[in-house]
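See below for the structure under consideration.
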Amino acid sequence: MPNKKNERGLGCYYADLHIHIGRTASGRPVKITGARTLTLENILHEAAEVKGIDLVGVIDSHVPEVLDELERAMEKHGWREHEGGGVSAGKVTLLLDSEIEVYDDHCHGPIHVLVFLPTVQTMRTFSGWLGKRVKNMSLSSQRIYASGRELQAAAKEQGGWFIPAHAFTPFKSLYGKGVKHSLTEVFDPDWIDAIELGLSADTAMADQIAELHRYPYLTNSDAHSLRKIAREYEEVRLAAPTFAELEKALRGEDGRAIVANYGLNPKLGKYHQTVCERCLAPVAPDVDRCAACGHHRFVKGVFDRLAELKTAERGPKRPPYIYQVPLEFIPGLGSKAYEKLLARFGTEMSVLHEAAEEEIAETVGEKLAQLIVLARSGALHIEAGGGGRYGKVREG
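First residue of the sequence shown: 5, per this note's numbering; consecutive thereafter.
Laid out in structure tokens, this is it:
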């Protein structure tokens with residue numbers, strides 16, 4: 005990552021702040037749907053050496069065994085906590101965070117939220133508090149038996165951030181089913197630090213909701229496997245890759261800022277369009293039955309849900325949202341070509357942002373080089389996804 009600092013001592017870094025633990029070092033599951041290879045050490049290696057990410061948010065850091073494993077790794081490798089928060093783990097900074105499910109008396113459906121904390125000790129304290137309010141502390145994304153505002157207060161008491169996760173997806177999200185109209189139905193708006201967009205929405209789509217104009221937007225991978233790390237990420241301007249510096253960036257203080265959001269074209273997300281629950285055929289939001297199979301139940305897409313919630317025509321000036329097509333979505337780019345690219349350019353970030361088309365063509369051929377360059381400009385044809393099925397990139 006080109007993080008050469010400017011005259012104010014600020015440089016640019018890539019951050020992916022939502023990566024799950026699949027298994028602990030002992031093999032115990034944490035995120036049931038996460039890959040077995042998604043261990044703490046593998047995540048840090050993948051982020052630094054393969055993806056080229058500078059800051060990673062390790063979801064599920066509240067799990068006691070994960071905290072124990074982190075502290076052993078710190079002792080083994082000589083990692084240290086930054087003065088400004090976060091663990092310096094070689095080339096990458098690890099931020100401790102947790103995904104929790106809120107489903108209190110004010111919710112209309114479950115809501116997933118992210119709590120970020122600055123140090124191992126604050127996460128241990130929060131973990132102790134959380135352990136009295138969830139049924140299984142060893143698993144990810146567990147329902148908390150407390151109100152949304154109580155959870156917000158607990159996060160703030162430890163100096164943390166509170167961020168609704170994948171805020172618009174049909175299931176387990178703030179606007180998907182969690183609230184009818186407004187986040188104030190469940191949360192204190194002053195105790196929200198940012199909004200995570202999720203794979204099926206971009207900045208312009210989210211800014212149709214006026215009450216979100218006050219918050220910065222994050223684009224994170226929500227990775228359930230190593231390969232999915234950095235399929236979405238943000239570029240941030242900081243003096244150093246620390247918790248405190250990133251907090252300033254969220255607030256836009258002292259020149260720190262979110263410089264750009266890199267995310268999938270929303271059509272590539274699994275829930276962009278409304279589809280039939282049974283056959284996944286696209287359906288209009290106002291029909292009673294699927295024309296393809298006659299089924300009467302649908303999975304409402306993010307596009308149509310935001311149209312229902314719309315309260316604004318445009319939003320505030322924001323960092324650019326740059327459509328990023330991960331290498332794994334490029335048609336015809338298999339594992340051998342992927343390895344050739346990494347061998348020559350080092351990391352995915354280098355391939356996606358820095359490598360010249362001629363250099364890519366020398367490595368994997370002109371056809372793949374053209375597709376990668378077209379992906380940079382958002383010129384690839386996208387077939388929309390929905391109902392839990394990803395969209396697809398088409399060559400023509």
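Beta carbons: idealized from backbone N, C-alpha and C, even for Gly.
Check, Outcome
"Rounded straight-line distance, which links the Cα of P320 to that of L272", "25 Å"
"S30 burial status per 10 Å Cβ neighbour count (16 or more: buried)", "exposed"
"W165 - partner residues in DSSP beta bridges", "F120"
"Closest residue to C16 among L99, L118, T246, S102 (Cα-Cα distance)", "T246"
"Residues near A150 by beta carbon distance below 6 Å, same chain, minus five either side", "R137"
"The region 124-132 touching the region 160-173, judged by at least three CB pairs closer than 8 Å", "yes"
"Whole-angstrom distance between P220 and A311, CA atom to CA atom", "21 Å"
"Sequence-distant residues of its chain with Cβ nearer than 6 Å to A205 (five each side left out)", "F172, P270, V306"
"Cβ neighbours of P122 in the same chain (closer than 6 Å, five flanking residues each side left out)", "G89, G163, F247"
"Sub-7 Å separation of A379 and V303 beta-carbons", "no"
"4-residue-minimum alpha helix (DSSP H) runs that sit fully inside the region 91-150, ordered along the chain", "124-135"
"Option in R255, V355, L42, E85 with minimal Cα separation from R218", "R255"
"In chain order, each alpha helix (DSSP H) run of at least 4 residues that lies wholly inside the region 177-228", "207-210"
"Cβ-based neighbour list, P114, same chain, cut-off 6 Å, excluding 5 preceding and 5 following", "E105, Y107, K176"
"Cut-off 8 Å between Cβ atoms - residues of its own chain near R293, not counting five sequence neighbours on either side", "H299, H300"
"Euclidean distance between Cα positions of L21 and V368", "31 Å"
"M5, DSSP secondary structure in three states", "Confidence at M5 is low in this model, with a pLDDT of 45, below 50, so the placement of that residue is unreliable and no value is reported for it."
"Three CB pairs or more closer than 8 Å across the region 256-263 and the region 374-390", "no"
"Sequence-distant residues of the same chain with beta carbon closer than 8 Å to V60, five excluded per side", "A19, D20, L21, I23, I47, L48, A51, V96, T97, L98, L99, I233"
"CA nearest to the CA of V183, picked from T278, G152, A208, V397", "G152"
"Closest residue to T315 among S186, Y394, I376, K274 (Cα-Cα distance)", "S186"
"Given E238 as reference, the closest of E366, G202, Q212 once Cα atoms are compared", "G202"
"Buried versus exposed call for N140 [16 or more other C-beta atoms within 10 Å across all chains shown]", "exposed"
"Whole-Å CB distance - V124 paired with E85, under 8 Å assumed", "7 Å"
"Nearest-angstrom Cα separation, counted from A285 out to A295", "8 Å"
"Helix, strand or coil at V368 [DSSP, three-state]", "helix"
"7 Å Cβ cutoff met for V279 and G390", "yes"
"Helix, strand or coil at I57 according to DSSP, with G and I counted as helix", "coil"
"Residues of its chain near F333, where Cβ-Cβ distance is below 7 Å and the 5 sequence neighbours each way are ignored", "L272, V397"
"Cα-Cα separation between A208 and G82, rounded to whole angstroms", "43 Å"
"H4 in three-state terms, based on DSSP", "Absent from the structure is residue 4, since the part of the chain shown begins at 5 and ends at 400."
"C-beta contact flag for E352 and L375 at 7 Å", "no"
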